[in-house]
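Undergrad: Mind having a look at this structure? Questions to follow.
Residue numbers (this note's numbering): 1 to 91.
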């Protein structure tokens, strides 16, 4: 059973919802991956067919989630072929 303060917080958050999704910092790692994957799947369609406002929101949300991903995983594995030096050696 939820306590009173938790219920008040949930109701307040619901009333403040702007339709912009859960803040990236509040997503679990799994939800963050899922959200990023959904954005990447819909990017081209948004670029080609969405209103300017929707495209701006899509871009803003992508940046928000990617920034949080990098914050959470600063030591993520970097593929050397994805660096400029790696690209130069391939050429």
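Beta carbons are placed, not taken as given, at the ideal position from N, Cα and C, and that holds for glycine.
Do the stretch 54-63 and the stretch 34-42 touch if we need at least three Cβ pairs shorter than 8 Å?
TA: Taking 8 Å as the limit for Cβ pairs, the verdict is that the stretch 34-42 does touch the stretch 54-63.
Undergrad: Quick one: measure Cβ to Cβ for residue 81 and residue 90, integer angstroms, because I've assumed they're closer than 8 Å.
TA: Here residue 81 refers to the residue found at position 81 of the chain shown. Here residue 90 refers to the residue found at position 90 of the chain shown. Contact flag correct, Cβ pair sits at about 7 Å.
Undergrad: Just verifying my parser: in three-state terms, what is the DSSP assignment at residue 36?
TA: Here residue 36 refers to the residue found at position 36 when the chain shown is read from its first residue. Three-state result, residue 36: helix.
Undergrad: Any chance you could list the alpha helix (DSSP H) runs of at least 4 consecutive residues sitting entirely within the stretch 52-80, in chain order?
TA: Entirely contained in the stretch 52-80, the alpha helix (DSSP H) runs reaching 4 residues are, in chain order, 52-72.
Undergrad: Three-state secondary structure (DSSP) at residue 50?
TA: The residue given as residue 50 occupies position 50 in the chain shown. Coil.
Undergrad: I think residue 83 touches residue 35, with their Cβ atoms under 8 Å apart; what is that distance to the nearest whole Å?
TA: The residue you call residue 83 lines up with position 83 of the chain shown. The residue you call residue 35 lines up with position 35 of the chain shown. That belief does not hold up - the Cβ atoms of residue 83 and residue 35 are roughly 27 Å apart, past 8 Å.
Undergrad: Would you say residue 75 and residue 32 are within 8 Å of each other, going by their C-beta atoms?
TA: Along the chain shown, read from residue 1 onward, the residue named residue 75 stands at position 75. Along the chain shown, read from residue 1 onward, the residue named residue 32 stands at position 32. No; because the gap between Cβ atoms is not below 8 Å, this pair is not in contact.
Undergrad: With DSSP collapsed to three states, give me the class of residue 83.
TA: If you number the chain shown from 1, residue 83 lands on position 83. In the structure shown, residue 83 sits in coil (DSSP, three-state: anything other than H, G, I, E or B).
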